[in-house]
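Taking it in order: structure first as structure tokens, then the write-up.
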Amino acid sequence: MSAKKVLVVGGTGYLGQHLLQGFSEIQATTPFALAFTYNSFPPQPLLLAFPTSFAFHVDLKTGLGFDSISQQFGQPDVVVNCAALSVPRACENDPDAAITINVPSSLVNWLSSFAQSDNTLVIHISTDQVYEGVKSFYKEEDEALPVNVYGKSKVAAEQFISEKWSNFAILRSSIIFGPQTVSPVPKSLPIQWIDGVLSKGDKVEFFYDEYRCPVYVKDVVAIIRTLIDKWLSEGKKMQLLLNVGGPDRVSRVQMAEAVAQIRGYDSSLIKPVSASSVDHGVKSPADISMDITKLVQKLNICPTPFKDGVKLTLAAEASM
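Counting from 1, one number per residue, gives the positions in the sequence shown under full-length UniProt numbering.
Written out as structure tokens, the structure reads:
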């Protein structure tokens, strides 16, 4: 069997790098031909770490760069779209950029240019921020009523894919946490940031009234791998929407308390405040915890409990 071609769009980002690592680690059992796209960050460290992969410079706004993938790599069997303008404030400040980057029109237009285009499975990373945030444990069939531009751009992306593509899985991801990447990403990682500020011994404010279901990054990689295996073995088109979160609904205070407990920091350094007391320049949904029953049932995957994921993250950081 020839190696299946997997293209990771946004391969230099946090999840993108973990995916490249995950795919390269299983080459012995299931050979994949790997390629990834990048935009602003140089791919050299990744090419050194994953020497059999291809790197392509692509501008998602214009679609420039996709032609060179056609010529050098060919039609991918699977595309995992991790690329996004994902900082809510940046989306609020530039709604046009949020739409042009987050709605994958140039990607889908390119895939449509292949003669047997619907043979490609598109796995698209969406967000828990599509939900309004007024209740706990949202289900996939609950109405998407985002409160900010980022969420609205991601809802538009979901609608675009489901209307324009016939073979897809859309994953509504919560906060993704875990170890640092091969080529360190410029944004601060949640557990590492909490660990860093608490280690200084200063009092830090954390929201007690914003709830999420943070998901361990290696679980997200396993979910994507399982989806691909399922699609390859069943041989039929997929049209799937899944909540991808961890099993625990936690506030920012509870996230900080978990880190403090594992590290042995003084928990009195954690000062609970209301999210309404801080103006971030963008509206943030209060409770977008998600029901992951469908994920567990469909893929037979039980995501890592939050505290266990924090332990794994801090242990990995210590060994780096």
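Using N, Cα and C, we set each Cβ at its ideal position, and we do this for glycine too. Everything numeric in this text was worked out from a predicted model, so none of it was measured.
*For Thr127, the residue or residues it bridges with in DSSP*: Looking up residue 127 in the sequence shown gives position 127. In DSSP, Thr127 forms a bridge with Ser173.
_Within the continuous alpha helix (DSSP H) that includes Glu317, where are the two ends?_
Along the sequence shown, one-based indexing puts residue 317 at 317. Note, Glu317: alpha helix (DSSP H), 306 to 319.
*asked:* Please state the DSSP three-state secondary structure of Arg252.
replied: Within the sequence shown, the letter at position 252 stands for residue 252. In the structure shown, Arg252 adopts helical secondary structure according to DSSP, grouped into three states.
*If I'm right that Arg249 touches Tyr208 with Cβ under 8 Å, what's the distance once you round it to whole angstroms?*
Residue numbering aside, residue 249 sits at position 249 when the sequence shown is read from its first letter. Residue numbering aside, residue 208 sits at position 208 when the sequence shown is read from its first letter. Wrong, their Cβ atoms sit about 13 Å apart, outside the cutoff.
*Please state whether DSSP places Phe137 in a helix, a strand or coil.*
By 1-based counting over the sequence shown, the position of residue 137 is 137. Coil at Phe137, not helix or strand.
*Between Ser233, Leu198, Val147, which lies nearest to Gly264 when the distance is taken from Cα to Cα?*
Sequence index remark: in the sequence shown, residue 264 carries index 264 (1-based). Among Ser233, Leu198, Val147, the Cα nearest to that of Gly264 is on Leu198.
_If you reduce the DSSP assignment to three classes, tell me which class Tyr265 lands in._
Residue mapping note: residue 265 aligns to position 265 of the sequence shown, counting from 1. DSSP places Tyr265 in the coil class of the three-state scheme, outside both helix and strand.
_Nearest-angstrom Cα separation, counted from Leu46 out to Phe54_ = On the sequence shown, residue 54 is found 54 positions in, with the first residue counted as 1. On the sequence shown, residue 46 is found 46 positions in, with the first residue counted as 1. Spanning the two alpha carbons is a distance of roughly 10 Å.
*Host alpha helix (DSSP H) of His57 (start-end)*: For the purposes of this step, residue 57 is taken as residue 57 along the sequence shown, with counting starting at 1. Membership of His57 in any alpha helix (DSSP H) is not indicated; the residue belongs instead to the beta strand (DSSP E) covering 54 to 57.
*Reference Asn39; option with closest CA among Trp193, Val9, Ala49*: In the sequence shown, counting from the first residue as 1, residue 39 sits at position 39. Ranking the options by Cα distance to Asn39, first place goes to Val9.
*Unbroken alpha helix (DSSP H) run spanning Tyr14, endpoints*: The residue labelled residue 14 in the question sits at position 14 within the sequence shown. Counting along the chain, the alpha helix (DSSP H) containing Tyr14 begins and ends at 14 to 25.
_Cut-off 6 Å between Cβ atoms - residues of its own chain near Pro88, not counting five sequence neighbours on either side_ = Counted from its first residue, the sequence shown places residue 88 at position 88. Around Pro88, the same chain offers Asn148, Tyr150, Val282 as residues with beta carbons nearer than 6 Å, after the five sequence neighbours per side are excluded.
*6 Å CB neighbourhood of Ala84 in its chain, flanking five on each side removed*: Indexing the sequence shown from 1 puts residue 84 at position 84. Only Asn102 meet the Cβ criterion.
_Can you find the residues in the same chain that come closer than 6 Å, C-beta to C-beta, to Pro95, ignoring five residues on each side of it along the sequence?_
In the sequence shown, counting from the first residue as 1, residue 95 sits at position 95. Correct list, in chain order: Val149.
*Rounded Cβ spacing between Phe56 and Gly63 (contact assumed at less than 8 Å)*: Residue mapping note: residue 56 aligns to position 56 of the sequence shown, counting from 1. Residue mapping note: residue 63 aligns to position 63 of the sequence shown, counting from 1. In fact, because the Cβ distance is near 12 Å, the residues do not count as touching under 8 Å.
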